[in-house]
Amino acid sequence: MKPKVLVYNHISEKLLDELANHCHIMQATPSEVSFREHLSSAEAIIGSGLKVNKNLVDHAPKLKFVANISAGYDNLDLIELNARGILATNTPDVLVETTADLIFGLLLSAARRIPELDQYVKSGKWNGKIPAELFGVDINRKTLGIIGMGSIGKAVAERAHHGFKMDILYHNRSRNYAAEEELNARYESLEDLLKKSDFVCLMAPLTSETIGMMGKKEFRLMKETAIFVNGARGQLVKEDELITALENCEILAAGLDVYLNEPLNTKSPLLKLKNVVTTPHVASGTHETRYEMAKLAIENLVKGITGERPPNLINPEVLEVNAKLKFDTS
Ligand code: 8YV
Numbered sequence: 003m004k005p006k007v008l009v010y011n012h013i014s015e016k017l018l019d020e021l022a023n024h025c026h027i028m029q030a031t032p033s034e035v036s037f038r039e040h041l042s043s044a045e046a047i048i049g050s051g052l053k054v055n056k057n058l059v060d061h062a063p064k065l066k067f068v069a070n071i072s073a074g075y076d077n078l079d080l081i082e083l084n085a086r087g088i089l090a091t092n093t094p095d096v097l098v099e100t101t102a103d104l105i106f107g108l109l110l111s112a113a114r115r116i117p118e119l120d121q122y123v124k125s126g127k128w129n130g131k132i133p134a135e136l137f138g139v140d141i142n143r144k145t146l147g148i149i150g151m152g153s154i155g156k157a158v159a160e161r162a163h164h165g166f167k168m169d170i171l172y173h174n175r176s177r178n179y180a181a182e183e184e185l186n187a188r189y190e191s192l193e194d195l196l197k198k199s200d201f202v203c204l205m206a207p208l209t210s211e212t213i214g215m216m217g218k219k220e221f222r223l224m225k226e227t228a229i230f231v232n233g234a235r236g237q238l239v240k241e242d243e244l245i246t247a248l249e250n251c252e253i254l255a256a257g258l259d260v261y262l263n264e265p266l267n268t269k270s271p272l273l274k275l276k277n278v279v280t281t282p283h284v285a286s287g288t289h290e291t292r293y294e295m296a297k298l299a300i301e302n303l304v305k306g307i308t309g310e311r312p313p314n315l316i317n318p319e320v321l322e323v324n325a326k327l328k329f330d331t332s
């Protein structure tokens, strides 16, 4: 018998066929009634965004492997997974450039007010001179501050530096010497980065140290003409304080791909603000990249099932204790 794997997101037929060579596939989204039933017999789960916490693993007594189809893994309670000897993998690298494209697109859209201009044309208001109230602000040669200079932060900075001749400042847990050398990026304290940047782009992972790191105090440090972009996780920002900063024009505008609660509540004040450009947590969302992410997640999972070390193992400490995970292939 092949090990049972619960697929809880859409994955292309081609990749499912590949996965089916190695396991018995069960499919259900978390909102479907059959999800719980499949979970109770699943040895592995694959998908993105599901909160894998104590409550979930309590309902998954056979679970040995969690294959996340995402780079971020803040949806996983690693303490709980490690305690139960469950391996977890993610999909870094393959989404870096695509994610940076959209994040830079948000920056451009907010600065040049592309959604507002689009509406202006489509609603038939363009019947003469464009009013100066619809003008944006320059991007080229301005200063971009990146908070979280990991691979995606660096890819955003590359677009800014090489394409738009921007000066790059960054704040990170550790120095990124490659970014300093290749992009002339300068390391700054968070406070100095916020004070000096024309654009602030948040790309840090969600951890106990970064949660709520941007709030009233931080937005007040930013220039009144500055634009804030969040391409990381909504929980890094005190969202009500961001809304206040935008309403009170303490900063000029924001471009947001992520929110405190997702999907964003239709009553959120963010939806009423003209100086906010939104996308629905979709930075990695192109056909090509989502395919590559699912493919990599499957590669990780198949390695796990066949007793090899998965390339993107998040919690190798489980393997140290367990040397080899035994899947039910009897
Ligand atoms: C989402 C992401 O997971 O990889 C990440 O960390 O944030 C994204 O790729 C993806 O959009 C699915 O929701």
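Convert by adding 2 to the 1-based position in the sequence shown; the result is the number in the working numbering. Virtual Cβ for every residue (Gly too), placed ideally from N, Cα, C.
Does at least one heavy atom of ligand 1 sit under 7 Å from the Cβ of residue i?
i      : result
LEU97  : yes
SER14  : no
HIS289 : no
GLY51  : yes
SER72  : yes
HIS283 : yes
SER286 : yes
Buried or exposed: residue i, going by 16 or more other Cβ atoms within 10 Å of its Cβ?
i      : result
TYR179 : exposed
SER191 : exposed
GLY214 : exposed
ARG143 : exposed
HIS12  : exposed
VAL323 : exposed
GLY2   : There is simply no residue 2 to check, as the chain begins at 3 and stops at 332 in what is shown.
ASN263 : exposed
ARG38  : exposed
MET295 : buried
GLU341 : Residue 341 lies beyond the residue range present for the chain, which begins at 3 and ends at 332; the question has no answer from this structure.
THR227 : exposed
PHE137 : exposed
GLY152 : buried
MET3   : exposed
ASP200 : buried
ILE338 : Lying before the first or after the last residue shown, residue 338 is absent from the chain, which here runs from 3 to 332.
VAL35  : exposed
ALA62  : buried
ARG311 : exposed
ASN186 : exposed
GLU220 : buried
PRO265 : exposed
GLU211 : exposed
THR209 : exposed
SER14  : exposed
LYS240 : buried
ASN174 : buried
**OP:** Could you tell me whether the stretch 151 to 161 touches the stretch 100 to 109, where touching means 3 or more Cβ pairs closer than 8 Å?
**Re:** yes
Subject >> Contained beta strand (DSSP E) runs [length at least 3] in the stretch 157 to 234, N- to C-terminal order >> reply: 169 to 173, 201 to 204, 229 to 232
Original post:
For the stretch 305 to 323 against the stretch 125 to 145, are there 3 or more C-beta pairs whose distance is under 8 Å?
Top reply: no
**OP:** Please go through the stretch 84 to 117 and give each complete alpha helix (DSSP H) segment of 4 or more residues, from N-terminal end onward.
**Re:** 98 to 114
Subject >> contact_flag[the stretch 169 to 189, the stretch 225 to 245] where n(CB pairs < 8 Å) is 3 or more >> reply: no
Original post:
Between the stretch 45 to 54 and the stretch 65 to 78, do at least 3 Cβ pairs fall closer than 8 Å?
Top reply: yes
Original post:
Can we say the stretch 248 to 256 touches the stretch 283 to 298, given the rule of at least three CB pairs closer than 8 Å?
Top reply: no
Original post:
Does the count of Cβ pairs from the stretch 72 to 80 and the stretch 16 to 32 closer than 8 Å reach three?
Top reply: no
Original post:
Do the stretch 315 to 322 and the stretch 86 to 98 meet, that is, are 3 or more Cβ pairs less than 8 Å apart?
Top reply: yes
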